[in-house]
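Order-wise, the sequence lines are chains A and B.
Residues in the first sequence are numbered from 1 upward in steps of one, following the UniProt record's numbering.
Residues in the second sequence are numbered from 1 upward in steps of one, following the UniProt record's numbering.
Glycine included, every Cβ here is placed at the ideal spot set by N, Cα and C.
As structure tokens, the structure follows; a few thoughts come after it.
2 protein chains.
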Amino acid sequence: MASKEKITIVGSGLAGPLLAISLKKRGLDVELYERRPDMRKVHISAGRSINLALSTRGIYALREIGVWPQIEKIIIPMRGRMMHALNGALTFQPYGKDETEVINSVSRADLNIALMDAAEAQGITIHFNQRCTHFDLRERAVYFRDEETDERKTVNSELVIGADGAVSAVRRDFLKLQRFNFSQQYLDYGYKELTIPPNSDGKHAMETHALHIWPRGSFMLIALPNIDGTFGCILFLPFEGKNSFQLLQNNSDIVKFFEENFPDAMALMPRLAENFFANPVGAMVTVKCSPWSHGSRALLLGDAAHAIVPFFGQGLNCSFEDCTVLLGLLDRYGPNWPVVFREFGAARKVNTDAIADMAIENFVEMRDKVGDSRFLFKKKVELALEAKFPGLFVPKYAMVTFHRVPYSVAESRGRIQDRILSELCDPIAKIEDLDWQRADELVHRNLTPLEDA
Amino acid sequence: MASKEKITIVGSGLAGPLLAISLKKRGLDVELYERRPDMRKVHISAGRSINLALSTRGIYALREIGVWPQIEKIIIPMRGRMMHALNGALTFQPYGKDETEVINSVSRADLNIALMDAAEAQGITIHFNQRCTHFDLRERAVYFRDEETDERKTVNSELVIGADGAVSAVRRDFLKLQRFNFSQQYLDYGYKELTIPPNSDGKHAMETHALHIWPRGSFMLIALPNIDGTFGCILFLPFEGKNSFQLLQNNSDIVKFFEENFPDAMALMPRLAENFFANPVGAMVTVKCSPWSHGSRALLLGDAAHAIVPFFGQGLNCSFEDCTVLLGLLDRYGPNWPVVFREFGAARKVNTDAIADMAIENFVEMRDKVGDSRFLFKKKVELALEAKFPGLFVPKYAMVTFHRVPYSVAESRGRIQDRILSELCDPIAKIEDLDWQRADELVHRNLTPLEDA
């Protein structure tokens, strides 16, 4: 792969540097442009939720570029969900079938820094403070404005890759193309970041190895552990109506709301109201579009191509898997970009559509169903079925999170398994009463062995 | 209604002048801005399909503003579909239960001219050649560039209404709002306008009072009569692949394609290839968005709010019905715009979504099913059921086209009726064998009397 054509990647968030490293290792000439300043020198908010959940698909991509050993040091494994009832009672639901199946809390900023370090170690230049103002597809020219100096710059290259997130500037030019399909759909819910500080001994104030959830039906609070002993919390509430951000206008509104709904969490948040008003309310959007590419000139990737809501913890993992799939096609076809990009869209879009839809469905599961004993019973039965029929009955959550089967396969098998599970669980109250003969029939009649990637 | 606040309507196509007339009659101050020149002075293509099908909803709105008598003179009633088989055999399927249920072919340009004449007769100014370059929601300022003189103009008004079609310029500014939901989805099919000239006696070369269809499974040709003796034809083909526009590159491709697929139509098209290359291939888009309004400052209406594909003949009728619904709310609440607009979106969007989806479904019906004898048999049974159970079983096509029931009601009742129809038709081959007792049971158990608007 000796082509020395220049590739410009807009966005040095997460997929950007990961892809840049992979392309550089294949002998391609690539540079990164990033709107924000260098966060290793300037303290900035990474712009969105502080913690991400890294799982199998993301880890696979990090191993491939050799960065996993560095990342492994900055993650905290979470073995399951810890549900907090209103009365403070705790219920733990494991994510996986054993201790190897965990998701990993990682700071977005730390992960970003590790990837940028690795990119620079490969000799890749990252241009900071470069806001993409406009992209001209026909001229293959990207226009930047320096956020500090206001200086304008035009970058010409053979190929432009937009890895610049859910509100991608590169994507705006795609909207001018003939027949570009595009959709952006916002949830009626917003989110607010809060913090639980460490105990006086510097340790975590709650169980470290869990993702904490306060499910309250139409809304919820969650908390993920950080390596500095804090928990990054996120409150998800409707923008308007009953129990909404609209109704939380002053300190006493907030204190009252938390006293009523999250008394145990509130006891761990000495600066609750201050935190609350320091951070804006974020919006959550699902973006779908097609095509993701234009000839050999431009490609959209990651959130720029398919932003999803955060409730399956797959945004990061999905973007990294984009890179895995794209690189597989590059290795197969060489830098024959029109073919690589066409195959990439054809292979990948059905899967990014599937995880987008599953992420929205999972919101209902997290904020409502996890507080329900029947739901938790079914989750136990699911794990029992997986133990009994390994490689055949694999829970949807596990297929998405601990396997690399295509998301669309996880979605369709998940639907079949839901029906099996309902038929087996509906008549019983205890796992001891499970009709194993019927389970055997249903599983073997409806499911083929799972082919992992 | 004495408020003299100024209203700017962008777009003097069809919904624009109709709404302007209605607002002016209510004492409001309104002006129209139109990108194109005055088509009464300059000959221009109206930009899209030449013929439209005017039906009950559209006629109702035209009657309300008193313009129907003028329009009635320039329409041609079409009583049903005339299907052209490959061997030239003709099959007629009536649209309605009797001669009162017809759709009306009308020239887009003639309709537009009649509405502009009526608007000016009301004292409304139409500013031509004014391209909206940009709309500033916060400043309520619309920026225009004169297409002839290049002169720039800024128009400030209390309220801006975007009636500027599927690629609305006013809507672009809505995309900058927080949490604006937006979707544009193109069909993989394009269309091309062709013409069948009159016979030497000036009369129509085929049955005048029908919409002609050449259904060919994955593609089709249609023809609508004009009052000048011509037929406006539209060829619908995939952009790419088998039987696609991509494969029709030169005269011999076109002649061969028409000889193979539309020999009887081709015999009536002496200038086929010339026509073919004179017109571009059009694209068809479905646009959905929300909200359609911003406070008391701006509203999207018609195609700008909800562009649909043309296969139910409802684009025009739906846009006119927007005006009917909006004016009903204005008469109820007065010019309390935030309330009027909120109620308008709440009442209307479910219905425009429904007709958008039904229009896509109808494409399959037109290009494929109408050539199928079982489908035509079911259509006969539908009419028999309507005759037997008037006001109870009303075919979906009739509910959409000849009634003013909300589109969403037509869609949901249509689904119920499809199930009834399948149960009754599947076991029989002749209408004489219909089980009327079962029909009576099914209809009365599943349907309530239709409440028309």
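Item                                                                                                                                                                                                             : Value
Beta carbons nearer than 8 Å to chain A: which residues of the region 166 to 184 of chain B have them?                                                                                                           : Q178, R179, F180, N181, F182, S183, Q184
Would you mind stating whether A:A298 and A:V170 have Cβ atoms separated by less than 8 Å?                                                                                                                       : yes
For chain E, find out if any of its Cβ atoms is closer than 8 Å to the Cβ of B:Y397; answer yes or no.                                                                                                           : You won't find chain E in this structure, because its protein chains are A and B.
Output the distance between the C-alpha atoms of B:S408 and B:N351, rounded to the nearest integer angstrom.                                                                                                     : 5 Å
For B:Y60, return the contacting residues in chain A, with the cut-off set at a CB-CB distance below 9 Å.                                                                                                        : Residues of chain A passing the Cβ test: none, with the nearest at roughly 33 Å.
At a Cβ threshold of 8 Å, is B:A283 touching chain A?                                                                                                                                                            : yes
By the 10 Å Cβ neighbour count, where 16 or more other Cβ atoms means buried, how is A:A15 classified, buried or exposed?                                                                                        : buried
Output the distance between the C-alpha atoms of B:A46 and B:Q314, rounded to the nearest integer angstrom.                                                                                                      : In this prediction, B:A46 has a pLDDT of 46, which is less than 50 and means its spatial position is unreliable; what the coordinates show is noted afterwards. Answer to the nearest angstrom: the Cα atoms are 18 Å apart.
Could you tell me the distance, in whole angstroms, from the CA atom of B:N317 to the CA atom of A:I416?                                                                                                         : 43 Å
Does any residue of chain B have a CB that is nearer than 8 Å to the CB of A:N446?                                                                                                                               : no
Assign residue 490 of chain A to buried or exposed, taking buried as 16 or more other Cβ atoms, counted over all protein chains shown, within 10 Å of its Cβ.                                                    : Residue 490 of chain A is absent from the structure shown; chain A starts at 1 and stops at 453.
Please report the distance separating the alpha-carbon of A:R445 from that of A:P406.                                                                                                                            : 22 Å
Could you check whether the Cβ of A:Y186 sits closer than 8 Å to any Cβ belonging to chain B?                                                                                                                    : yes
Helix, strand or coil for B:V160, going by three-state DSSP, please let me know.                                                                                                                                 : strand
Alpha carbons only, please: which of A:I59, A:I222, A:H212 is nearest the one belonging to A:E193?                                                                                                               : A:I222
On the three-state DSSP scale, how would you describe A:L299?                                                                                                                                                    : strand
What does the alpha-carbon distance come out to for the pair B:P77 and B:N87?                                                                                                                                    : 27 Å
Which residue marks the beginning of the beta strand (DSSP E) containing B:N129, and which one marks its end?                                                                                                    : It is not in any beta strand (DSSP E) - B:N129 carries neither H nor E in the DSSP assignment.
So B:H212 is in the beta strand (DSSP E); what residue range does that whole segment cover?                                                                                                                      : 211 to 215
So if DSSP puts B:I103 in a beta bridge, which residue, or which two residues, is it bridged to?                                                                                                                 : B:M78
Leaving out the 5 sequence neighbours to the left and right, which residues in its chain are closer than 7 Å to A:T448 when beta-carbon positions are compared?                                                  : none
At which residue ranges does the region 137 to 187 of chain B contain complete alpha helix (DSSP H) runs of 4 or more residues, listed in the order of the chain?                                                : 169 to 174
Looking only at its chain, what residues have a beta carbon closer than 6 Å to the beta carbon of B:L268, apart from the 5 residues adjacent to it on each side?                                                 : I196, A205
If we call anything under 8 Å between Cβ atoms a contact, is A:L115 one with A:L18?                                                                                                                              : yes
For the region 90 to 100 of chain A against the region 377 to 392 of chain A, do three or more pairs of beta-carbon atoms, one drawn from each stretch, fall closer than 8 Å, so that the two count as touching? : yes
Since A:S293 sits in a beta bridge, which residues does DSSP pair it with?                                                                                                                                       : A:L299
Spell out a yes or no on whether the region 228 to 238 of chain A and the region 172 to 192 of chain A are touching, meaning 3 or more CB-CB pairs, one atom from each, closer than 8 Å.                         : yes
I'd like to check one pair, A:V285 with residue 518 of chain A: are the Cβ atoms closer than 8 Å?                                                                                                                : Residue 518 of chain A cannot be examined here, being either before or after the span of chain A that is shown, 1 to 453.
On a Cα-Cα basis, can you pick out the residue from A:N181, A:S293, A:A53 that is closest to A:L326?                                                                                                             : A:S293
Can you check which of these residues, A:A356, A:N336, A:F128, is closest to A:F311 by C-alpha distance?                                                                                                         : A:A356
Among A:W214, A:L421, A:K176, A:L23, which one has its Cα closest to the Cα of A:D264?                                                                                                                           : A:W214
If the criterion is Cβ atoms closer than 8 Å, does the pair A:L330 and A:R26 meet it?                                                                                                                            : yes
Round the Cβ separation of A:S244 and A:K6 to the nearest angstrom and send it over; I've been treating them as touching at under 8 Å.                                                                           : Not a contact, Cβ separation roughly 49 Å.
Could you check which residue in A:I431, A:R36, A:S183, A:I161 has the C-alpha nearest to that of A:V287?                                                                                                        : A:S183
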